[in-house]
Structures are given as C-alpha cells and as structure tokens.
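Chemist: Residue numbers (this note's numbering): 3 to 372.
Just so you know, even glycine gets a beta-carbon here, dropped at the ideal spot from N, CA and C.
Please read these numbers as outputs of a predicted model, since none were measured by experiment.
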Ligand SMILES: O=C(O)Cc1cc(O)ccc1O
Ligand SMILES: [Fe+2]
C-alpha cells in the first residue's frame with residue numbers, strides 16, 4: 003500500500019478533497035443548494051450547536067450518499083461487550099492481569115469488533131456520562147463490515163501488531179506507541195470534507211515530557227496526553243496519561259511513584275518495556291486496576307532499591323511506554339475481567355508482602371545513602 007500522508011495539527015480546521023474530484027469542497031458556504039459533483043452535504047456534530055466557538059466541534063462531509071441511506075440496523079451477538087457494571091460484587095482489591103491472549107487465527111478468526119472484551123467501566127450510556135475499558139484481541143481484518151460507536155469516543159491504544167483503520171475521513175495506520183481517537187464511521191463514500199471534528203492519531207514519542215528538576219515527585223498529571231472532561235472543572239471522566247522515557251534528576255527524593263490511595267480510579271497498561279514501580283509481574287499486554295481508594299505503590303524490590311539508590315541523573319524507563327486512564331468514576335470489573343479472561347494475576351498482592359518496617363524510634367534522621 004502506498005505510504006499514507008496525514009494532515010497535521012491537533013484540533014485544527016482541516017480540509018480534504020479526493021484528488022480525483024478537484025473542487026469538490028463547496029466554496030464560501032457549507033450547504034449549497036446543489037453541491038459540486040452533485041454530492042450530498044452532511045454535517046457531523048461533535049459538540050452541542052450551542053457550545054462556545056472555542057469548544058465547538060463539527061465537520062462537513064460531501065458524500066456520494068448521505069449516511070442515513072442504510073438498511074435498518076439489526077442486533078448481533080453482543081459477544082463480550084457489556085455495560086452492566088453490576089455483574090460482580092465490587093472488588094476493592096488491587097487487580098492485575100497477565101498479558102491478554104490473542105486467539106490464534108488458525109483456531110478461530112476474530113476481527114476487531116468480535117474481539118472486543120469489556121474489562122471494566124462505570125457510568126451510564128444514556129446520559130453520556132461514563133467510561134468503559136475494552137481489551138481488543140483480534141487476529142483478522144474486518145471484511146465487509148464496519149463499526150461505529152454512538153456511545154462515545156474510542157481511544158485506541160495498540161500494543162501488538164498494526165491497525166490499518168478506514169474511516170470516513172481517510173485511512174490511518176496506527177502502530178504500537180501510537181494512539182488514535184475515532185468518531186462515527188459509516189460506508190466510505192466521502193469525497194471531500196472540512197472541519198475540526200475528525201479522527202486523529204498521535205505518536206507518543208512526540209510527547210514533550212516534563213519532570214521535577216529540583217526535588218520531590220511531581221504527580222502524574224504532568225504526563226497527561228488527553229483529557230475527557232466531565233462537567234466538573236479539573237475532574238476528568240478520564241485522563242490519558244503516559245510514563246515515557248525521561249531523565250530523573252530529583253535530589254533527596256524517592257524517585258519512583260509514591261504509595262498512595264486515590265479518589266480517582268487508575269487503570270494501567272504497558273505497551274513495551276517495564277514499569278518503574280514494579281520490578282516484575284506487570285508485563286507488556288497486561289493491565290492493572292487500582293480503583294477508588296485502593297492502596298497501591300511500588301513493590302517491595304522497587305522500594306528497597308530506590309530508597310538506597312545513589313541519586314545521580316539517570317534515564318528512567320528507556321524503551322518503556324506505560325499508560326494510565328485516570329478516572330473520577332469508580333470502575334467496576336466485568337465477569338470476563340475477573341474470570342473468563344483467565345489472565346487475572348492471583349499473586350499480585352504478594353509483590354508488597356516482603357515490605358518490612360524500617361522504623362527507627364530512636365533516630366529521627368537515619369543516615370541515608372547521600
Ligand atoms: O500508581 C501508579 O503507578 C501511577 C502513579 C504514578 C506516579 O508517579 C504517581 C502517582 C500514581 O498514581
Ligand atoms: Fe497510582
């Protein structure tokens with residue numbers, strides 16, 4: 003396939019015309035009585051019409067047939083997708099999953115849609131307020147079918163293999179270490195479009211990381227790549243946060259993540275490498291969930307090493323890409339997540355078992371390594 007060319011600029015107003023139909027975008031207006039090439043004009047709204055201009059999102063598509071010209075929808079087997087957050091009793095334990103297994107194509111062909119497995123989530127689709135985390139485990143391209151999600155935005159984080167995604171706005175090749183966000187998808191008959199509501203992808207290597215250059219551990223909001231806002235300012239439905247390779251230079255500081263409990267839920271995954279707070283057990287393709295107020299933090303090995311380490315400047319997480327969805331919702335795990343996936347790590351809690359008391363009641367300030 004010819005190399006794909008992309009329009010650049012997050013949130014920009016972009017335009018695109020199929021080179022075979024020059025001038026297919028109407029000039030000076032969006033909705034002419036008759037569009038160039040006798041195309042249909044169709045608007046796709048990504049925000050309420052009434053949003054202020056700075057948050058208003060919409061695109062205009064000029065297509066051979068409007069997307070309403072489809073046959074009636076019919077239900078299909080829902081597979082492993084659910085929005086029932088009461089399948090199992092709430093579980094306050096720290097949860098960790100071994101790498102999820104991709105089925106072998108020789109045994110069963112599974113495409114992106116039938117390979118979606120809901121792991122956890124919260125909220126309500128009808129009020130458009132919620133979040134679901136699905137693991138996609140597929141081995142086959144989608145043929146003669148396409149998919150649209152009218153429940154919300156899809157942020158896709160591939161861990162293995164490449165995704166060639168056909169959207170109404172064009173094609174995207176999304177590879178590990180890249181992410182993409184898609185909207186509605188329907189038959190691919192768009193000849194031209196313009197607007198600021200489009201699918202996009204982003205290479206996580208381009209994230210300009212900041213970190214503490216003096217002392218102490220900055221909270222991970224410094225690593226926020228994308229935010230799905232809630233109605234409460236500063237409180238996200240989900241922040242998408244990454245832990246990319248960077249320099250650690252903080253003096254007199256325990257540099258890995260601190261022990262904590264959080265009113266936000268934290269779902270983490272690893273694309274490649276190993277995560278700085280866990281010496282082992284948290285593997286690429288796996289995940290972990292520390293839901294509302296569940297205590298967690300560095301494992302015992304990590305604590306021992308980092309509290310004794312000489313604090314020279316060091317590269318943190320070279321070759322690594324971990325990510326987190328930090329959500330104000332209390333994420334409930336599905337039956338698939340707890341049982342059917344067969345990937346739940348029953349021994350996760352043991353990584354903290356060796357932690358011992360270092361309390362020295364008679365010496366307030368024991369000599370540290372530096
Ligand atoms: O739990 C985690 O590993 C993620 C995390 C990292 C960090 O540097 C500070 C807080 C936090 O939740
Ligand atoms: Fe955390």
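Distance check for residue 192 and residue 155, CA to CA, integer angstroms please.
Modeler: 21 Å
Chemist: With DSSP as the reference, identify every bridge partner of residue 253, one or two as the case may be.
Modeler: 217
Chemist: If you drop the 5 nearest sequence neighbours on each side, which residues of the same chain put their C-beta closer than 7 Å to that of residue 309?
Modeler: 256
Chemist: Is it buried or exposed for residue 295, if we count other Cβ within 10 angstroms and need 16 for buried?
Modeler: exposed
Chemist: Considering only the alpha carbon of each residue, which of 142, 319, 133 and 313 lies closest to residue 107?
Modeler: 142
Chemist: Expressed to the nearest angstrom, what Euclidean distance is found between the alpha-carbon atoms of residue 277 and residue 283?
Modeler: 10 Å
Chemist: Which value, in whole angstroms, describes the spacing of the CA atoms of residue 264 and residue 298?
Modeler: So the two alpha carbons sit approximately 9 Å from each other.
Chemist: Which residue comes first and which comes last in the beta strand (DSSP E) that contains residue 230?
Modeler: Per DSSP, residue 230 is one residue of the beta strand (DSSP E) stretching across 226 to 231.
Chemist: Looking at residue 268 and ligand 1, is the gap between the Cβ and the nearest heavy atom below 8 Å?
Modeler: yes
Chemist: First and last residue of the alpha helix (DSSP H) that includes residue 5?
Modeler: Where residue 5 is concerned, there is no enclosing alpha helix (DSSP H), given that its DSSP letter is neither H nor E.
Chemist: Counting C-beta neighbours from all protein chains within 10 Å, is the total for residue 356 16 or more, i.e. buried, or is it exposed?
Modeler: exposed
Chemist: Just to confirm, does residue 246 get its C-beta within under 8 Å of one of the non-hydrogen atoms of ligand 1?
Modeler: For ligand 1, not one heavy atom lies less than 8 Å from the Cβ of residue 246.
Chemist: From which residue to which residue does the alpha helix (DSSP H) around residue 305 run?
Modeler: 302 to 310
Chemist: Going residue by residue through the segment 13 to 86, where are the continuous beta strand (DSSP E) segments of at least 3 residues, counting only ones entirely within it?
Modeler: 16 to 19, 42 to 47 and 60 to 65
Chemist: Assign residue 122 to one of three DSSP states: helix, strand, or coil.
Modeler: strand
Chemist: Where are the beta strand (DSSP E) runs, 3 residues long or more, that stay fully inside the segment 166 to 212, in chain order?
Modeler: 172 to 176, 180 to 184, 192 to 197 and 202 to 205
Chemist: Figure out for me which residue from 41, 367, 53 and 57 has the closest Cα to the Cα of residue 68.
Modeler: 41
Chemist: Taking the beta strand (DSSP E) that residue 241 belongs to, which residues open and close that run?
Modeler: 238 to 245
Chemist: Could you check how far apart the C-beta atoms of residue 363 and residue 274 are, in whole angstroms? I think they sit under 8 Å.
Modeler: Not a contact, Cβ separation roughly 44 Å.
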